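Heads up: the structure comes next, in structure tokens.
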Amino acid sequence: MIWFKEFTPETLNSRPKNHIGALLGIEFTEIGDDYLVATMPVDERTHQPAGILHGGASVVLAETLGSIASYMCIDPNKHIAVGLEVNANHIRPVSSGFVKGVCKPLHIGGKTHLWEIKLYTDKGKMNCVSRLTVAILPKPQ
Numbered sequence: 001m002i003w004f005k006e007f008t009p010e011t012l013n014s015r016p017k018n019h020i021g022a023l024l025g026i027e028f029t030e031i032g033d034d035y036l037v038a039t040m041p042v043d044e045r046t047h048q049p050a051g052i053l054h055g056g057a058s059v060v061l062a063e064t065l066g067s068i069a070s071y072m073c074i075d076p077n078k079h080i081a082v083g084l085e086v087n088a089n090h091i092r093p094v095s096s097g098f099v100k101g102v103c104k105p106l107h108i109g110g111k112t113h114l115w116e117i118k119l120y121t122d123k124g125k126m127n128c129v130s131r132l133t134v135a136i137l138p139k140p141q
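Counting along the sequence shown from 1, when you hit position 106 you're at 106 in UniProt numbering, and nothing is skipped either side.
Structure follows, in structure tokens:
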């Protein structure tokens, strides 16, 4: 297990609701030994004007997954995890249902973490692949 301590989806979903992930309906659904899964609805909150999933919403899901995964790997009394760089390739349009993001580590170092996040439609087709680099910094005093 790569996590600093044990977490549950319920614990992650009980965080305060005053952030973009909650506004877009992102919910954590599964935690494995080395992966994290969350879903996001494809609806009026996440659509672009053409009625399909906005690429920025996909990036919000990807960065939420990677940032939380980094948080789960560190001692929060000593460190903070902040996004450093994110990119995404949008493969196919999605107009309804849910997308599921699966986050896996590519590198977990002392100062940086690199995550690969793949998004899938509710029919199981990949619609986006993203990479997120997270900086691990000392917690401000």
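Virtual Cβ for every residue (Gly too), placed ideally from N, Cα, C. Treat the numbers as computed from the prediction; the structure is a model and nothing was measured.
Out of the options, which one is the CA nearest neighbour of residue i?
i: I31; options: V102, H107, D122 and I117; result: V102
i: Y35; options: A135, I91, L106 and P140; result: L106
i: K118; options: V94, N89, L12 and T133; result: N89
i: K139; options: M1, P49, S14 and K111; result: K111
i: residue 143; options: I68, V94 and L132; result: Limits of the chain in this structure are 1 at one end and 141 at the other, which puts residue 143 out of reach.
i: E85; options: E44, P16 and S130; result: S130
i: E63; options: D122, I52 and M40; result: M40
i: K104; options: C73, N77 and K17; result: C73
i: T121; options: A38, Q141, D75 and N77; result: A38
i: F7; options: H79, H113, S70 and T133; result: S70
With 16 as the cutoff for other CB atoms within 10 Å, does residue i come out buried or exposed?
i: F28; result: buried
i: I26; result: buried
i: M1; result: exposed
i: A57; result: buried
i: T11; result: exposed
Using beta-carbon positions only, say whether residue i and residue j come within less than 8 Å of one another.
i: residue 150; j: V99; result: This structure does not reach residue 150, given that the chain is present from 1 up to 141, and the question cannot be answered.
i: W115; j: G66; result: yes
i: V82; j: A135; result: yes
i: I68; j: C128; result: no
i: V42; j: S96; result: yes
Going by the DSSP bridge assignment, what does residue i pair with across the sheet?
i: residue 142; result: As displayed, the chain neither begins before 1 nor continues past 141, which places residue 142 out of reach and without an answer.
i: M40; result: V99
i: V129; result: N89 and K118
i: E30; result: V37
i: I108; result: H113
i: H47; result: L53
Counting only C-beta atoms, is residue i closer than 8 Å to chain D at any point?
i: N87; result: Looking at the structure shown, chain D is missing, and only one protein chain is on hand.
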